[in-house]
Amino acid sequence: MGVFRTIVLPSLRLVVWAAIAVALLWLAFGRGTAAEQEAAASPSAVLEPATAPVVRGDVVNTVSLTGTIAADPAATVKSTAAGEVGRVRAEVGQAVEKGTPLFTVLVPVEETAAAPAAAADPAAADPAAAPTAPAAPAAPRTRTVTVTAPSAGTLATLDVLPQQQVTVGQQVATVSPGTLSVSAPLTQEQQFRLLAPPTTAQVTVPGGPGTFECTGLRTGTPEAPSAAPDPTGGYVDPYADPAQSPTGATVSCRVPDGVQVFPGLSATVDVTAGSATGALLVPVTAVRGRVGTGTVWTVDDTGTPTETEVTLGLTDGANVEVTDGLEEGAQVLQFVPGDDQVTDPYATGGMYGMGY
Numbered sequence: 548m549g550v551f552r553t554i555v556l557p558s559l560r561l562v563v564w565a566a567i568a569v570a571l572l573w574l575a576f577g578r579g580t581a582a583e584q585e586a587a588a589s590p591s592a593v594l595e596p597a598t599a600p601v602v603r604g605d606v607v608n609t610v611s612l613t614g615t616i617a618a619d620p621a622a623t624v625k626s627t628a629a630g631e632v633g634r635v636r637a638e639v640g641q642a643v644e645k646g647t648p649l650f651t652v653l654v655p656v657e658e659t660a661a662a663p664a665a666a667a668d669p670a671a672a673d674p675a676a677a678p679t680a681p682a683a684p685a686a687p688r689t690r691t692v693t694v695t696a697p698s699a700g701t702l703a704t705l706d707v708l709p710q711q712q713v714t715v716g717q718q719v720a721t722v723s724p725g726t727l728s729v730s731a732p733l734t735q736e737q738q739f740r741l742l743a744p745p746t747t748a749q750v751t752v753p754g755g756p757g758t759f760e761c762t763g764l765r766t767g768t769p770e771a772p773s774a775a776p777d778p779t780g781g782y783v784d785p786y787a788d789p790a791q792s793p794t795g796a797t798v799s800c801r802v803p804d805g806v807q808v809f810p811g812l813s814a815t816v817d818v819t820a821g822s823a824t825g826a827l828l829v830p831v832t833a834v835r836g837r838v839g840t841g842t843v844w845t846v847d848d849t850g851t852p853t854e855t856e857v858t859l860g861l862t863d864g865a866n867v868e869v870t871d872g873l874e875e876g877a878q879v880l881q882f883v884p885g886d887d888q889v890t891d892p893y894a895t896g897g898m899y900g901m902g903y
């Protein structure tokens, strides 16, 4: 019994600890080396760049924007003459037409002095004749100028009173057209997609009337409000995509008469600027460039990519039309080489390119 405790049992412990050490070493080094050798030997372990075929399909260039309904700005009325206000012929809140008289201005008329006719001195003719009193000065002459409304609408303000002095070009009134418009900001990408915008757009107001067509669609840069604060405090996100950043440009159109909406409501503006049927299409992530011309990388049977210039047409934001440079069935790299790719954890597609 003493031999078992002093010799056999310690030996067994040494054997067990040695076996555990060998197992740990194999797990740490032997298994990793075997896995690396298996991965190196397996062709499927080599990551191949994703490709996409050139296919035929339909493309509709519809740009969806988030905008706001606002009242159209009032027209400014300026005095067309300098003088004294005579008669005020309209009042605030009155409906006016273009040319409706608002008030009159009395403009002094300067008279040219005429040489008096020579007359005999009555004192010389009759020394006893009494001198006569001087004649009273004639009242100044004036002409009347009528200031009228420049457009139809409602007289919103009228800042003149009788006998008030006004000058040429002085702002004296405003006429509100009583109409509404929808305006929405444009990003850099959206501006390029609307290089040739249509004249109408489809507008949807949440909780309001059904989708309606607004007319007079136009793009431009509105005047910035003088006292409007910057909600970002001047901060610029260094990681923001420039193509998705606002540019200050807007798209706007007129709300038709009879559509019941109000200033300040939000609205979705869908602008369709062209469509194509049976066009050659590639993913937008495969193209470097957007307007007119671009570059894709075609892949041959050996998997070698070749840079290829193409002529571009319409895009719907996911696919872009290729009008020249590719044939149907050709394979192209799905993502532009060298551009960043981001993993979207909420999408099943895995990787998507950010270079387009």
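The working numbering runs 547 ahead of the 1-based position in the sequence shown.
Positions of the beta carbon are idealized from the N, C-alpha and C atoms, including for glycine.
Margin query: Quick check for students: name the residue ranges of the beta strand (DSSP E) that lie wholly in the region 844 to 882, counting only runs of 3 or more.
Written below: 852 to 862, 866 to 871 and 878 to 880
Notebook entry, point to check: Quick one: Cα of Phe576 to Cα of Ala570, how far?
Noted result: 10 angstroms
Check: Which residue's Cα is closest to the Cα of Val707: Gly640, Ala622, Arg634 and Pro810?
Finding: Arg634
Check: Taking Cβ to Cβ, would you say Val829 is nearer than 8 angstroms to Ala642?
Finding: no
Notebook entry, point to check: Skipping 5 residues on each side, what residues in its chain have a beta carbon closer than 6 angstroms to that of Asp619?
Noted result: Pro724, Thr726 and Ser728
Notebook entry, point to check: Could you check where the alpha helix (DSSP H) with Ile554 kicks off and where it finishes?
Noted result: Run containing Ile554: none; DSSP gives neither H nor E here.
Check: For Pro648, which beta-bridge partners are listed by DSSP?
Finding: Thr695
Margin query: Whole angstroms are fine: how far does the CA of Val562 sit from the CA of Arg552?
Written below: 15 angstroms
Next item on the list: Would you mind giving the Cβ-Cβ distance between Val610 and Arg690, rounded to the nearest angstrom? I have them listed as a contact below 8 angstroms.
Entry: Not a contact, Cβ separation roughly 56 angstroms.
Margin query: What does DSSP give as the partner residue(s) for Glu631 in the beta ladder?
Written below: Leu653 and Gln712
Notebook entry, point to check: What number of angstroms, rounded off, separates the C-alpha of Val602 from the C-alpha of Thr746?
Noted result: 31 angstroms
Next item on the list: May I have the straight-line CA-CA distance separating Gln881 from Thr849, to the nearest angstrom?
Entry: 17 angstroms
Notebook entry, point to check: How about Gly630 and Leu649: are their beta carbons less than 8 angstroms apart?
Noted result: no
Next item on the list: Mark Ala877 as exposed unless 16 or more other C-beta atoms lie within 10 angstroms of its C-beta, in which case mark it buried.
Entry: buried
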